[in-house]
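Those letters in the sequence shown? Residues 1044 to 1390, by our numbering.
Beta carbons: idealized from backbone N, C-alpha and C, even for Gly.
The next block holds one structure in the form of structure tokens; read it before the comments.
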Amino acid sequence: MKILAIETSCDETAAAVVENGVKEVASALATSMEMHEKYGGIVPEVAARKQVESIVPVIAETLEKAKSAAGHDSANTQEFARDYIDAIAVTVGPGLIGSLIVGVEAAKALALAWNKPLIPVNHLVGHIYANFLEEGAGKTIEFPAIVLIVSGGHTDLVLMKGHGQLEYIGGTVDDAAGEAFDKAARILGIKTYYGGKALSEIAEKAGSKNLKIKLPRPMLHEDNFNFSFSGLKTAVKRLADEKKYPAEEIAKEFQNAVVDVLVEKTVRAADQFNVKSILLGGGVSANKALREKISEKAQEIRIPVYYPPVRLCTDNAVYIAAAAYFNRHIKPASEISVNPSLKVMDL
Ligand code: KG4
Ligand code: ZN
């Protein structure tokens, strides 16, 4: 089964064709990130306008690539697509309403024109499925699993008993992990927007020497699976204002603090729920320190850890197609609408 997926939840316009939920055939992506960097944060109106500009070229590029991958270079693209694609999938939330609408309406139009089933996908569930692609762990993942979704807008701990069987067990009570990374990066003058990766690169420069600064590990010892990151951002601001410590040391201790609580609570949940796998998903799962620490801690309790290839951690349509394949909530186009505040359990 070949699914054409469309993802437009934030500032990326993405499309992909994936076969049987695991094999990427083609994908394309455009981003308006540089424009948001100029403003020091995402401007929803700008993001939505960029989605409108990019959606048709991105879908067209994906179909051209799929045509080529299938060895039908000389075929008419529309005829090829109608024949080749079995279903259309689209992210319906959570995300920015103006951005989501662009993808959902494009997907509806294609489903109608090509007479194909339409599968709505929850973006957060999509992040989980980056692990199930051939390029990720694929078939070796065993259930039940504990999943840590760490993105720019969300931090959720989920018990996954099987495909379509998700139970929310905890999450952030304030800022998301990615949001905390982004705010710390801005405070430290590293990058104005989406600075998580840049902050982790600066942190590496601090080396392995003992740091003089110590930040709190919020909610680490509380008997629940919740997180809180807004206090860390305030603590970073205070340290930066003191001008006593180099940015790389503050960055490193900040990263250590975030990683420590994410890892400790995820591994604790894995132990408590007696799971067979631990999965990471979302932009922050690209973080090297997080990947290393969770692998180390999970090894102590002998539970395998899976994280997506870096390329599939941040937003794209490849994992949306994978999620659609494993969770086929097919609906008539007329019943599909966007839901900007969709929760991980909702679809
Ligand atoms: O999942 P994603 O692409 O978008 C959302 O759905 O929100 O996640 C983006 C987030 C941003 O906050 C970005 O700074 C963060 O993921 N991020 C990282 C790294 N790469 C991306 N944070 C820490 N370390 C990284 N290597
Ligand atoms: Zn995302």
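Backbone CA spacing between residue i and residue j [nearest angstrom]
i               : j               : result
glutamate 995   : aspartate 1314  : The question about residue 995 has no answer here: the residues shown for the chain are numbered 1044 through 1390.
glycine 1084    : alanine 1219    : 15 Å
alanine 1249    : isoleucine 1293 : 9 Å
histidine 1115  : glutamate 1210  : 43 Å
threonine 1056  : glutamate 1088  : 14 Å
serine 1117     : lysine 1159     : 23 Å
lysine 1240     : alanine 1228    : 9 Å
aspartate 1266  : alanine 1312    : 11 Å
valine 1301     : leucine 1333    : 9 Å
valine 1279     : leucine 1254    : 14 Å
glutamate 1244  : alanine 1223    : 16 Å
threonine 1309  : serine 1251     : 24 Å
alanine 1360    : alanine 1048    : 6 Å
asparagine 1165 : tyrosine 1288   : 42 Å
isoleucine 1131 : aspartate 1217  : 34 Å
glutamate 1185  : proline 1375    : 32 Å
isoleucine 1344 : arginine 1125   : 49 Å
glycine 1207    : alanine 1329    : 24 Å
threonine 1121  : tyrosine 1082   : As written in the sequence, residue 1121 is glutamine, which differs from the threonine given in the question. For glutamine 1121 and tyrosine 1082, the distance between alpha carbons rounds to 39 Å.
Beta-carbon gap between residue i and residue j smaller than 8 Å
i               : j              : result
tyrosine 1127   : lysine 1045    : yes
arginine 1260   : aspartate 1199 : no
glutamine 1298  : alanine 1366   : no
glycine 1064    : valine 1190    : no
glycine 1221    : valine 1193    : yes
tyrosine 1362   : histidine 1170 : yes
threonine 1235  : glutamate 1080 : yes
isoleucine 1346 : valine 1318    : yes
isoleucine 1233 : alanine 1290   : yes
alanine 1091    : valine 1145    : yes
alanine 1173    : cysteine 1356  : yes
Continuous beta strand (DSSP E) stretch holding residue i: start and end
i               : result
glycine 1114    : Run containing glycine 1114: none; DSSP gives neither H nor E here.
isoleucine 1212 : 1208-1214
valine 1190     : 1188-1193
leucine 1385    : Careful: leucine 1385 lies outside any beta strand (DSSP E) and carries neither H nor E.
valine 1060     : 1055-1062
Limits of the alpha helix (DSSP H) - the one that residue i falls within
i               : result
threonine 1134  : Note, threonine 1134: premise wrong, no alpha helix (DSSP H); beta strand (DSSP E) at 1130-1136.
alanine 1329    : Premise fails: alanine 1329 is in no alpha helix (DSSP H) and is neither H nor E.
lysine 1199     : A small fix is needed here, since residue 1199 is aspartate in this sequence, not lysine. Here aspartate 1199 belongs to no alpha helix (DSSP H); instead the beta strand (DSSP E) covers 1198-1205.
serine 1070     : Premise fails: serine 1070 lies in the beta strand (DSSP E), 1066-1074, not in any alpha helix (DSSP H).
lysine 1295     : 1290-1315
leucine 1153    : 1140-1157
lysine 1045     : Note, lysine 1045: premise wrong, no alpha helix (DSSP H); beta strand (DSSP E) at 1045-1050.
alanine 1246    : 1239-1247
isoleucine 1171 : 1166-1172
tyrosine 1362   : 1361-1369
glutamate 1178  : Here glutamate 1178 belongs to no alpha helix (DSSP H), and DSSP marks it neither H nor E.
leucine 1275    : 1273-1285
threonine 1120  : 1120-1127
Whole-number beta carbon distance between residue j and residue i, since they are thought to touch under 8 Å
i                  : j                  : result
phenylalanine 1316 : proline 1187       : 6 Å
glycine 1326       : glycine 1195       : 6 Å
glycine 1214       : phenylalanine 1272 : That belief does not hold up - the Cβ atoms of glycine 1214 and phenylalanine 1272 are roughly 11 Å apart, past 8 Å.
leucine 1143       : valine 1381        : 4 Å
alanine 1150       : leucine 1161       : 6 Å
valine 1101        : alanine 1073       : 5 Å
phenylalanine 1402 : lysine 1108        : Since the first residue shown for the chain is 1044 and the last is 1390, residue 1402 is missing from the structure and cannot be characterised.
Original post:
Taking contact to mean at least 3 C-beta pairs separated by less than 8 Å, is the region 1134-1145 in contact with the region 1049-1059?
Top reply: yes
Original post:
Taking contact to mean at least 3 C-beta pairs separated by less than 8 Å, is the region 1343-1362 in contact with the region 1086-1096?
Top reply: no
Subject >> Sufficient close CB pairs (3 or more, under 8 Å) joining the region 1168-1183 to the region 1069-1078 >> reply: Verdict: no, contact absent.
Subject >> Any heavy atom of ligand 3 within less than 5 Å of residue CB: hits in chain order >> reply: With respect to ligand 3, the structure shown offers nothing to examine, as its ligands consist of ligand 1 and ligand 2.
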